[in-house]
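Colleague: Quick one: the structure is below, and I'll ask about it shortly.
In our numbering, the protein residues as written are 323 to 750.
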């Protein structure tokens, strides 16, 4: 047997490493980082099989050991312990005595102040009565009696649901949980309360109830389905799809869960595109692209030079239809530092000639390129970042350069400075 001490700590760490190695994570690099941290912290050499075999338990794994430990110790979550205390008849009498002293009179039951005082009363009762939830012999009711009363409260809640009296249903299910927070059917009480809270649009509370239900019974398909529904309504598409997928695995015959899973999965995959489309809608021209006149106006009007001149360039007009370009341009317009730099250049007598910038990098129209290449090649060659921009321009074109510059205020400032020094900031 392993004695408590360094060896047992290493055994626990090894069990946890084996557990996270078994996870099917979309982020394997995080798994590797976690394993490396644990091996370093506990001085574990996973390649030393002789030493590892001495602290590795087989065939059980961490999850099985954890579950067996909870069952053996009768351990409960802090919430369950609290609910069990609150459901005791002697606590209710204690609470009435406290209320009789006027401590709660200035606060409504749904206020933070009331809840804070209530939790202190629960703690005081626990200390005064020396409540031991592992041995509930002092409770007035036996477990079987408590379960019967809890079941009756659940059935009452079901009737309220049928009558569309969702607040009353929520209270009935809460009563069932208070009476029997950790019984054979307690996972159903939590899941039913989640349903009532869904009808009341209490999505976060419903999520919490579903997770509590799953903690009590990890094979309860209905809890995963309602968890998926709740996540869907707070627009956490990825979590919704994951929950629905588990519900489908547990109950393959339920086609409704499968349809909901596909719907959530599609939302998760398209969320980035949807975000861009939504952002673009307020800035779209009749052609469906970005309103370049807004940015041109902020950078020196709509004359013939600078950005305004680029608006007549077919290449740039085509780029203005690209969602990535739209997002980059919007980012520049929303960046105070970038716009301040642009406006300072306006004050000095003109707008930046971005055609010349393209020529400096090795793209754009040939006339601009010939005009600017000679006077700027030394500045570009001497600066590592500008050299990288030039290579990017030649390799992937102006769109890639504009994306890189548009997302980097420091790089924007460097480009502006180089353009000014090179005479590119004057009137076109």
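All residues carry an ideal CB built from backbone N, CA and C; glycine is no exception.
Which word fits residue 509, buried or exposed, when buried means at least 16 other C-beta atoms lie within 10 angstroms of its C-beta?
Modeller: Residue 509 is buried by the Cβ-count criterion.
Colleague: Taking the Cβ atom as the reference point for each residue, do residue 360 and residue 333 lie within a distance shorter than 8 Å?
Modeller: Their beta carbons are not under 8 Å apart, which means residue 360 does not touch residue 333 by this criterion.
Colleague: If you draw a straight line from the C-alpha of residue 533 to the C-alpha of residue 396, how long is it?
Modeller: So the two alpha carbons sit approximately 20 Å from each other.
Colleague: Please determine if the region 435-443 and the region 522-539 are in contact, where contact requires at least 3 C-beta pairs separated by less than 8 Å.
Modeller: These segments do not touch.
Colleague: What is the residue span of the alpha helix (DSSP H) that residue 403 lies within?
Modeller: It spans 400-408 - the alpha helix (DSSP H) in which residue 403 sits, taken as one unbroken run.
Colleague: From residue 564 to residue 548, what distance separates their C-alpha atoms?
Modeller: Roughly 12 Å between the two C-alpha positions.
Colleague: Output the distance between the C-alpha atoms of residue 751 and residue 511, rounded to the nearest integer angstrom.
Modeller: Residue 751 is absent from the model: the chain starts at 323 and stops at 750.
Colleague: Pair every Cβ in the region 472-479 with every Cβ in the region 374-393, then say whether three or more of these pairs are closer than 8 Å.
Modeller: The region 472-479 vs the region 374-393: no contact.
Colleague: Could you tell me the alpha carbon to alpha carbon distance between residue 414 and residue 408, rounded to whole angstroms?
Modeller: Their Cα atoms are separated by approximately 7 Å.
Colleague: Using only the alpha-carbon positions, how far apart do residue 593 and residue 502 sit?
Modeller: Cα-Cα distance, rounded: 41 Å.
Colleague: Is the Cβ-Cβ distance between residue 723 and residue 733 less than 8 Å?
Modeller: No.
Colleague: What separation, rounded to the nearest whole angstrom, lies between the Cα atoms of residue 567 and residue 514?
Modeller: For residue 567 and residue 514, the distance between alpha carbons rounds to 20 Å.
Colleague: Using only the alpha-carbon positions, how far apart do residue 416 and residue 447 sit?
Modeller: Their backbone Cα atoms lie some 8 Å apart in a straight line.
Colleague: Applying the 10 Å Cβ sphere with the 16-neighbour rule, what's the burial state of residue 556?
Modeller: Its Cβ having fewer than 16 others within 10 Å, residue 556 is exposed.
Colleague: Is the distance from the Cβ of residue 520 to the Cβ of residue 496 below 8 Å?
Modeller: No, the pair does not count as a contact, with Cβ atoms beyond the cut-off.
Colleague: Please go through the same chain and pick out, in chain order, the residues whose beta-carbon is closer than 7 Å to the beta-carbon of residue 500, but skip the five residues on each side of it.
Modeller: Closer than 7 Å at the Cβ level, and outside the excluded window around residue 500, lie 405, 408, 409.
Colleague: Taking Cβ positions only, does residue 558 come closer than 8 Å to chain C?
Modeller: Absent here is chain C; the protein component of the structure consists of one chain.
Colleague: Following the continuous alpha helix (DSSP H) through residue 716, name the residue where it begins and the one where it ends.
Modeller: Its alpha helix (DSSP H) spans residues 706-718.
Colleague: Alpha carbon to alpha carbon, what distance is there between residue 530 and residue 339?
Modeller: If you take the alpha carbons of residue 339 and residue 530, they lie about 28 Å apart.
Colleague: May I ask you to report which of helix, strand or coil DSSP gives residue 485?
Modeller: Coil, per DSSP.
Colleague: Is it the case that the Cβ atoms of residue 550 and residue 528 are separated by a distance below 8 Å?
Modeller: No, they are not a contact pair.
Colleague: Does residue 461 come out as helix, strand or coil in the three-state DSSP assignment?
Modeller: Since pLDDT at residue 461 reaches only 49, below the 50 mark, its modelled position is unreliable, and no value is offered.
Colleague: Can you tell me whether DSSP reads residue 476 as helix, strand or coil?
Modeller: The answer is helix: DSSP assigns residue 476 an H, G or I state.
Colleague: Taking the C-alpha atoms as reference points, what is the distance between residue 436 and residue 730?
Modeller: Going by the C-alpha atoms only, they are around 49 Å apart.
Colleague: Just the C-alpha distance for residue 561 and residue 354, rounded to the nearest angstrom, thanks.
Modeller: Roughly 23 Å separates the two Cα atoms.
Colleague: CB-CB under 8 Å to residue 341, same chain, minus the five flanking residues each way: which ones, in chain order?
Modeller: Closer than 8 Å at Cβ, skipping near neighbours: 383, 384, 385.
Colleague: Work out the CA separation of residue 369 and residue 590 for me, nearest whole Å.
Modeller: So the two alpha carbons sit approximately 39 Å from each other.
Colleague: Please work out which residues of its chain come closer than 6 Å, Cβ to Cβ, to residue 693, disregarding the five sequence neighbours upstream and downstream, and give them in chain order.
Modeller: With a pLDDT of 47 at residue 693, under the threshold of 50, the predicted position of this residue should be treated as unreliable, though the coordinate-derived value follows. There are no such residues.
Colleague: With H, G and I counted as helix, E and B as strand and the rest as coil, what does DSSP make of residue 751?
Modeller: Past the edges of the chain, shown from 323 to 750, lies residue 751, and the structure says nothing about it.
Colleague: On a CA-only basis, which of 526, 378, 470, 472 is nearest residue 558? Give me that one, please.
Modeller: Comparing Cα positions, the closest option is 526.
Colleague: On the DSSP letters alone, give me the boundaries of the alpha helix (DSSP H) that residue 386 sits inside.
Modeller: Unbroken alpha helix (DSSP H) run through residue 386: 384-395.
Colleague: Helix, strand or coil for residue 684, going by three-state DSSP, please let me know.
Modeller: Confidence at residue 684 is low in this model, with a pLDDT of 44, below 50, so its placement is unreliable and the value that follows should be read with caution. Reduced to three states, the DSSP call for residue 684 is coil.
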